[in-house]
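Shown next, in structure tokens, is the structure this report addresses.
In full-length UniProt numbering, the protein residues as written are 1 to 450.
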């Protein structure tokens, strides 16, 4: 990222970031569903005692579990064996407890585990480029922990041609787990000990104890079938993008889902047994489908947050304004859906032909909007399978104007009827219409021409 673009970000008023934060937290988060009830209750209580957010705590616990267990464990699927490395970033306004969460759920547990196992510390907080490389070269691993996101991102915004330090490769190695060779400085390392809470430490000391020897986690057959389906859907999505001349999706989503599933499997097992005041036993080697589905919810939510943020940055950094950048509200999105031309719409149709200011919304925001409209009696959310597509298509079928209880908070009857009677968007194919008719979601006479 050029210095001029960074300067443009710095010139944004606080209100711009406040509106973005409001938009991001408007999407329901999945954290409560990730953990067993007694474990979630523990996380809530721990968050309150630290004056921090359960989301910060949950993300830190998942990442720390992944690192500690991954030091001697891998995840084996039908096609590959992978490390458990996870790269997690969370952001929030000042004074919301980010540093407390990282300290109590990552830094302090790692200090305790290093002391318990009498090993060298792989933790990297603030360091020079040579110190970063030295730590990884010495320990063959590294756990990068920072309460300030720029400590990490500023190492990534410069190419190696500009800084010639190799930082980008080192940071990528932390995620991929691949081996590399470096020449590095020989300065001494200094550690500052900290006071730590026993409840969190016990969990991670037990996780470390249970993973001192090599362990391989696998998936149950049901979970494996789900992963295979995800792979097929992703391949189909890539192929469709290539054939239509669009940029294929760039994501490690499936790998991340598997790593998060392993982390949840381990943390829930150990934490639950400790909370029941029993000595933790090794987690089963097979990860259940329910845990995998929780990981899917978490990663899907995280990627939607990333998508919103990236779209926002792309728009913000286009050559224009420095005034407050507004954000689409849930009400604005719902009104736009109701006033979309035709009797139905899909996310793809909305992205292509909706109001220009709303085309950057995430699929999750669109889904929340149409579900709210369904609950208000203004339409039905339908899912149909279409030939040659591995993914089901979600369609919002608007309610007939004569069946709507007027007035509504969204629009007036005349405007709604006018838009409802317009031709259906061309991206809603005949195959989708036929699938809706065959499933009896719409009457046959709605599209007499097919």
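For every residue, glycine included, the Cβ atom is placed at its ideal position computed from N, Cα and C. Everything numeric in this text was worked out from a predicted model, so none of it was measured.
What span of residues does the beta strand (DSSP E) with residue i cover, start to end?
i: residue 267; result: From DSSP, residue 267 is part of no beta strand (DSSP E) but of the alpha helix (DSSP H) over 253 to 275.
i: residue 74; result: 73 to 76
i: residue 215; result: 215 to 219
Can you give me the start and stop residues for the alpha helix (DSSP H) that residue i sits inside?
i: residue 398; result: From DSSP, residue 398 is part of no alpha helix (DSSP H) but of the beta strand (DSSP E) over 393 to 398.
i: residue 39; result: 37 to 50
i: residue 366; result: 363 to 375
i: residue 54; result: 54 to 70
i: residue 296; result: 289 to 316
i: residue 109; result: 108 to 117
i: residue 91; result: Premise fails: residue 91 is in no alpha helix (DSSP H) and is neither H nor E.
i: residue 441; result: Residue 441 -> no alpha helix (DSSP H), and no H or E assigned at all.
i: residue 11; result: Element bounds for residue 11: n/a, residue is neither H nor E.
i: residue 250; result: Where residue 250 is concerned, there is no enclosing alpha helix (DSSP H), given that its DSSP letter is neither H nor E.
i: residue 99; result: 98 to 102
i: residue 337; result: 330 to 338
i: residue 31; result: 31 to 34
Give me the Cα-Cα distance between residue i and residue j, rounded to the nearest whole angstrom.
i: residue 30; j: residue 262; result: 17 angstroms
i: residue 71; j: residue 330; result: 43 angstroms
i: residue 275; j: residue 108; result: 20 angstroms
i: residue 309; j: residue 445; result: 43 angstroms
i: residue 214; j: residue 133; result: 26 angstroms
i: residue 141; j: residue 122; result: 6 angstroms
i: residue 414; j: residue 442; result: 23 angstroms
i: residue 146; j: residue 126; result: 7 angstroms
i: residue 256; j: residue 340; result: 36 angstroms
i: residue 86; j: residue 280; result: 24 angstroms
i: residue 99; j: residue 74; result: 29 angstroms
i: residue 251; j: residue 406; result: 44 angstroms
i: residue 287; j: residue 216; result: 11 angstroms
i: residue 282; j: residue 211; result: 8 angstroms
i: residue 242; j: residue 389; result: 15 angstroms
i: residue 7; j: residue 302; result: 27 angstroms
i: residue 42; j: residue 278; result: 16 angstroms
i: residue 304; j: residue 296; result: 12 angstroms
i: residue 138; j: residue 120; result: 9 angstroms
i: residue 270; j: residue 207; result: 7 angstroms
i: residue 23; j: residue 17; result: 10 angstroms
i: residue 62; j: residue 118; result: 23 angstroms
i: residue 11; j: residue 363; result: 30 angstroms
i: residue 124; j: residue 265; result: 26 angstroms
i: residue 14; j: residue 311; result: 19 angstroms
i: residue 355; j: residue 416; result: 16 angstroms
i: residue 45; j: residue 448; result: 59 angstroms
Could you check what DSSP says for residue i in three-state terms: helix, strand or coil?
i: residue 347; result: helix
i: residue 382; result: strand
i: residue 410; result: coil
i: residue 144; result: strand
i: residue 123; result: strand
i: residue 446; result: helix
i: residue 86; result: coil
i: residue 286; result: strand
i: residue 244; result: coil
i: residue 183; result: Confidence at residue 183 is low in this model, with a pLDDT of 46, below 50, so its placement is unreliable and no value can be given for it.
Below 6 angstroms CB to CB, which residues in the same chain sit around residue i once its five sequence neighbours on both sides are set aside?
i: residue 188; result: For residue 188, the predicted model reports a pLDDT of 41, less than 50, meaning its position is unreliable; a value from the coordinates is still stated below. There are no such residues.
i: residue 343; result: 398 and 420
i: residue 76; result: 216 and 218
Leaving out five residues on either side along the sequence, give the residues of the same chain with a beta carbon under 7 angstroms from the beta carbon of residue i.
i: residue 195; result: Reliability of the predicted coordinates at residue 195 is poor, the pLDDT of 33 falling under 50, and the value obtained from them is presented with this limitation in mind. So no residue of the chain qualifies.
i: residue 60; result: 101, 102, 105 and 106
i: residue 315; result: 360
i: residue 450; result: 430, 433 and 434
i: residue 351; result: 359
i: residue 334; result: 369, 372, 373 and 410
i: residue 298; result: 30, 34 and 260
i: residue 424; result: 342, 343 and 344
i: residue 223; result: 287, 288, 289 and 292
Just to confirm my understanding: we take residue i, look at its own chain, exclude 5 residues before and 5 after, and list those with CB closer than 8 angstroms. What are they?
i: residue 55; result: 29, 31 and 90
i: residue 432; result: 346, 384, 386, 393 and 395
i: residue 19; result: 324, 325, 326 and 327
i: residue 454; result: Missing from the structure shown is residue 454; the chain here goes from 1 to 450 and no further.
i: residue 238; result: 248 and 249
i: residue 112; result: 196, 201, 204 and 205
i: residue 377; result: 399, 404 and 405
Could you round the C-beta distance between residue i and residue j to whole angstroms and report it? I think they count as a contact, below 8 angstroms.
i: residue 36; j: residue 272; result: 5 angstroms
i: residue 454; j: residue 51; result: The shown model of the chain, from 1 to 450, leaves out residue 454, and the question about it has no answer.
i: residue 268; j: residue 39; result: 6 angstroms
Compute the minimum distance between the beta carbon of residue i and the heavy atoms of the ligand GTP, and state whether it is under 8 angstroms.
i: residue 50; result: Judged by which ligands are present, the structure shown has none, so any question about the ligand GTP falls away.
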